[in-house]
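Contents: one structure, followed by commentary.
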Amino acid sequence: MADPEYLYEPYRSTIRRAPRQPLILVPETLSERTGPVFGHDAVTESCSDLTRQHAGEPIGERIIVTGRVCDEDGRPVTSTLVEIWQTNAAGRYFHQKDRHHAPLDPNFTGAGRALTDSNGCYRFSTIKPGAYPWQNHENAWRPAHIHFSLFGATFGSRLITQMYFPGDPLLEFDPIFRSVREEPARQRLIAQFDLTATKPDWALGYRFDIVLGGTRATPFED
Amino acid sequence: MQATPSQTIGPFFHVCLPADETAGRLAGPGAEGEALTLICRVLDADGAPVDDAMIELWQADASGVYNHPDDPRYQDHDPAFPGFARAATDENGECTFQTVRPGAVTEDDGAVHAAHINASIFARGLLKRAVTRIYFEDDPANADDPVLACVPKQRRETLLARRDSAQPWIWRHEIHLSGERETVFFAI
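Residue numbers (our numbering), protein chains in the order written: chain A, 1 to 222; chain B, 223 to 410.
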């Protein structure tokens with residue numbers, strides 16, 4: 001299983017919030033084989049370009065983040081909602097509870113939406129997010145990351161995750177990243193620099209492919 | 223292919239989620255069935271309210287049909303009932319949904335599931351979503367529900383929403399992420 005366990009004590013917020021009882025395995029029912037089609041009406045062209053949502057241009061390094069969404073059999077997940085949110089270039093969220101002493105950017109909200117195309121691909125233009133300190137432990141810093149939310153085809157395929165950047169020296173100290181215990185699974189959270197995804201004279205490109213689970217391969221037998 | 227691992231939603235998701243325009247409403251105007259207000263409250267191991275959670279609900283319509291083409295009775299679904307909503311908890315750990323009481327869901331094989339609402343909880347400190355179901359305390363069909371049957375008897379009551387005695391259209395449901403009254407969560 002690639003997902004982290006609920007309890008990972010180095011990430012302190014799990015201690016009071018992680019369920020401790022074993023999960024109960026239930027027969028797959030219609031409730032999990034179906035799922036919502038949500039948010040399509042709300043997606044417009046400007047939603048996927050986070051650098052053009054205000055009157056002026058945001059400060060920071062423009063980047064393209066693109067990738068393909070597929071299921072565990074490699075089939076593209078088409079026309080599904082992908083939502084992202086992130087800090088600005090200075091490492092500050094456009095959120096009243098973010099108290100990090102770094103400037104807000106009046107030209108950057110840091111929220112985007114897109115639908116995957118017929119090949120399962122999505123594409124955002126944005127600003128490279130900044131690292132920021134948090135209170136988890138002494139001198140704790142979150143590596144730069146972009147939050148991703150995807151629905152997929154069914155209730156079972158719902159995923160919320162975070163994308164990280166290659167070569168970030170903060171990754172090895174970050175308990176949220178490290179809560180994924182298996183190294184190969186952890187690597188799947190790191191985008192790859194992709195020269196073919198760049199926009200020449202404009203923005204560097206990163207590729208972040210996403211595989212949605214939630215389709216049970218075979219019912220297990222005793 | 224190997225699935226991409228989950229990570230916490232974190233405390234700042236409100237920048238993007240939930241979409242304001244649909245927050246908390248599962249039923250569109252004119253949806254059939256018994257309208258109800260469901261107030262969910264999320265609590266941590268100490269019983270303290272979780273004020274930065276997001277709850278998503280997914281349910282069948284009043285006649286037990288999901289708004290999804292893989293439901294064999296899809297042609298009978300209520301077009302005024304999308305059946306999905308999400309909302310963020312407030313400082314009391316609460317969020318409110320407007321919906322209708324779902325019907326029992328019948329599987330292809332004839333198995334009947336008592337009326338229930340599927341719920342996902344996301345929060346800072348939850349490295350992956352917690353999946354649960356909300357049943358109705360007064361439903362005699364609960365006794366024969368195949369999913370409740372998988373749950374140890376003494377824990378089943380953690381899945382039951384309670385009707386407000388003063389305002390009978392209001393249902394309340396507490397979700398305890400941990401602690402002595404930990405809600406039953408499912409592996410799906």
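A virtual CB, placed ideally from N, CA and C, is assigned to each residue, including glycine.
What you are looking at is a predicted structure, and each value in this text was computed from that prediction instead of being measured.
Closer than 9 Å to chain B by CB, residue i
i                        : result
cysteine 70 (chain A)    : yes
glutamine 192 (chain A)  : no
glycine 60 (chain A)     : no
tyrosine 93 (chain A)    : yes
tyrosine 6 (chain A)     : yes
aspartate 222 (chain A)  : Residue placement at aspartate 222 (chain A) is poorly supported in this model, since its pLDDT is 33, which falls under 50; the coordinates still yield a value, given next. Closer than 9 Å: no.
alanine 217 (chain A)    : Any reading at alanine 217 (chain A) must be qualified, since the residue scores a pLDDT of 45, below 50, and its modelled position is unreliable; the value itself is stated next. Chain B contact via Cβ: absent.
glycine 213 (chain A)    : yes
threonine 51 (chain A)   : no
threonine 80 (chain A)   : no
glutamate 57 (chain A)   : no
isoleucine 210 (chain A) : yes
alanine 197 (chain A)    : no
isoleucine 63 (chain A)  : no
arginine 186 (chain A)   : yes
proline 106 (chain A)    : no
glutamate 83 (chain A)   : yes
aspartate 201 (chain A)  : no
valine 37 (chain A)      : yes
threonine 44 (chain A)   : no
Per-residue burial, residue i [other beta carbons within 10 Å of its own, 16 or more giving buried]
i                        : result
threonine 218 (chain A)  : The predicted model places threonine 218 (chain A) with a pLDDT of 41, which falls under 50 and marks its position as unreliable; any figure quoted below should be read in that light. Per the 10 Å Cβ criterion, exposed.
tyrosine 296 (chain B)   : exposed
glutamate 221 (chain A)  : Only weak support exists for where glutamate 221 (chain A) lies, its pLDDT of 35 falling under 50; the value from the coordinates is given anyway. Looking at its Cβ environment, which holds fewer than 16 other Cβ atoms inside 10 Å, glutamate 221 (chain A) is exposed.
glycine 232 (chain B)    : buried
histidine 290 (chain B)  : buried
leucine 50 (chain A)     : buried
asparagine 88 (chain A)  : buried
glutamine 224 (chain B)  : exposed
leucine 195 (chain A)    : exposed
arginine 346 (chain B)   : buried
tryptophan 280 (chain B) : buried
glutamate 182 (chain A)  : exposed
lysine 375 (chain B)     : exposed
Whole-number beta carbon distance between residue j and residue i, since they are thought to touch under 8 Å
i                        : j                           : result
tyrosine 11 (chain A)    : asparagine 136 (chain A)    : 7 Å
alanine 337 (chain B)    : phenylalanine 358 (chain B) : 6 Å
alanine 326 (chain B)    : histidine 335 (chain B)     : 6 Å
aspartate 209 (chain A)  : glycine 67 (chain A)        : 4 Å
cysteine 466 (chain B)   : isoleucine 397 (chain B)    : Residue 466 (chain B) lies beyond the stretch modelled for chain B, which goes from 223 to 410, so this question has no answer here.
valine 237 (chain B)     : phenylalanine 94 (chain A)  : 6 Å
threonine 116 (chain A)  : threonine 80 (chain A)      : 5 Å
aspartate 283 (chain B)  : glutamate 254 (chain B)     : 7 Å
alanine 309 (chain B)    : isoleucine 343 (chain B)    : At roughly 11 Å, the Cβ-Cβ gap does not stay under 8 Å, so alanine 309 (chain B) and isoleucine 343 (chain B) are not in contact.
isoleucine 127 (chain A) : phenylalanine 151 (chain A) : About 25 Å separates the two Cβ atoms, so there is no contact after all.
Contact with chain A by residue i, beta-carbon distance below 9 Å
i                           : result
proline 251 (chain B)       : no
phenylalanine 344 (chain B) : yes
cysteine 238 (chain B)      : yes
leucine 260 (chain B)       : no
histidine 395 (chain B)     : no
isoleucine 356 (chain B)    : no
glutamate 278 (chain B)     : yes
alanine 284 (chain B)       : no
phenylalanine 407 (chain B) : yes
glutamine 416 (chain B)     : For chain B, the structure presents residues 223 to 410; residue 416 (chain B) sits outside this window and is missing.
threonine 311 (chain B)     : no
glutamate 404 (chain B)     : yes
Near the ligand ATP: residue i beta-carbon under 8 Å from a heavy atom
i                     : result
alanine 267 (chain B) : For the structure depicted, the ligand ATP is absent and the ligand set is empty, with no information on it obtainable.
* **Chain-ordered residues of the region 127 to 160 of chain A with a beta carbon less than 7 Å from chain B** => Those residues of the region 127 to 160 of chain A that come within reach of chain B (Cβ to Cβ, closer than 7 Å) are His147, Ser149, Phe155, Gly156, Arg158, Leu159, Ile160.
* Please name the residues in the region 158 to 179 of chain A whose beta-carbon is closer than 7 Å to at least one beta-carbon of chain B, in chain order. => Residues passing the 7 Å Cβ filter: Arg158, Leu159, Ile160, Thr161, Gln162, Ile176, Ser179.
* List in chain order: all unbroken alpha helix (DSSP H) runs of 4+ residues lying wholly within the region 153 to 200 of chain A. => 175 to 178, 183 to 187
* To do: Check each residue of the region 14 to 34 of chain A: if its Cβ is closer than 9 Å to any Cβ of chain B, include it; give the result in chain order.
  => Thr14, Ile15, Arg16, Arg17, Ala18, Pro19, Arg20, Gln21, Pro22, Leu23, Ile24, Leu25, Val26, Pro27, Glu28, Thr29, Leu30, Ser31, Glu32, Arg33, Thr34
* Can you give me, in chain order, the residues of the region 111 to 127 of chain A that have a beta carbon less than 7 Å from any beta carbon in chain B? => Taking 7 Å as the cut-off between beta carbons, the residues of the region 111 to 127 of chain A near chain B are Ala111, in sequence order.
* **Residue ranges of each beta strand (DSSP E) within the region 309 to 382 of chain B, 3 or longer** => 316 to 322, 338 to 345, 352 to 358
* **4-residue-minimum alpha helix (DSSP H) runs that sit fully inside the region 238 to 285 of chain B, ordered along the chain** => none
* Please name the residues in the region 366 to 381 of chain B whose beta-carbon is closer than 7 Å to at least one beta-carbon of chain A, in chain order. => Pro368, Val369, Cys372, Val373
* Mind listing which residues of the region 320 to 348 of chain B have their C-beta closer than 7 Å to chain A's C-betas, in chain order? -> Here the close residues are Val327, Glu329, His335, Asn340, Ser342, Phe344, Ala345, Arg346, Gly347, Leu348.
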